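Here the structure comes first, spelled out in structure tokens, and everything after it is commentary.
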Amino acid sequence: MTIEYVYFFSGSMIESNALASKLSSHNIKFIIKDEQNSANLAGFGVPNYLFSHKVFVNKNDLEKAKLICR
């Protein structure tokens, strides 16, 4: 069975980690994509560090995540 993730949030590392903590406490599966780190590994930088982390949540948990993060 494949889990499909959808885009949910974009922000700084601190904001993304705070959101991840909330999602974890409600057993919502998520992925954090660190574009800053990915860019550094590829050999170039990210111009905007404020929105360098993207949070994706399980498609089935999207509505639950929206209610939690109001």
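Start counting the sequence shown at 790; every next residue gets the next number (this note's numbering). Backbone N, C-alpha and C define an ideal beta-carbon position, used for all residues, glycine too. Owing to the predicted nature of the structure, the values given are computational and were not obtained by experimental measurement.
Item: Cβ separation of Asn847 and Tyr794, assumed to be a contact under 8 Å, to the nearest whole Å; Value: 6 Å
Item: Rounded straight-line distance, which links the Cα of Leu830 to that of Glu824; Value: 10 Å
Item: Euclidean distance between Cα positions of Ala854 and Asn826; Value: 25 Å
Item: His842 burial status per 10 Å Cβ neighbour count (16 or more: buried); Value: buried
Item: CB contact flag (Leu821, Ser805, <8 Å); Value: The question names Leu, but residue 821 in the sequence shown is Ile. Taking 8 Å as the Cβ cut-off, Ile821 and Ser805 qualify as a contacting pair.
Item: Residue of His815, Ala807 and Met790 minimising C-alpha distance to Asp850; Value: His815
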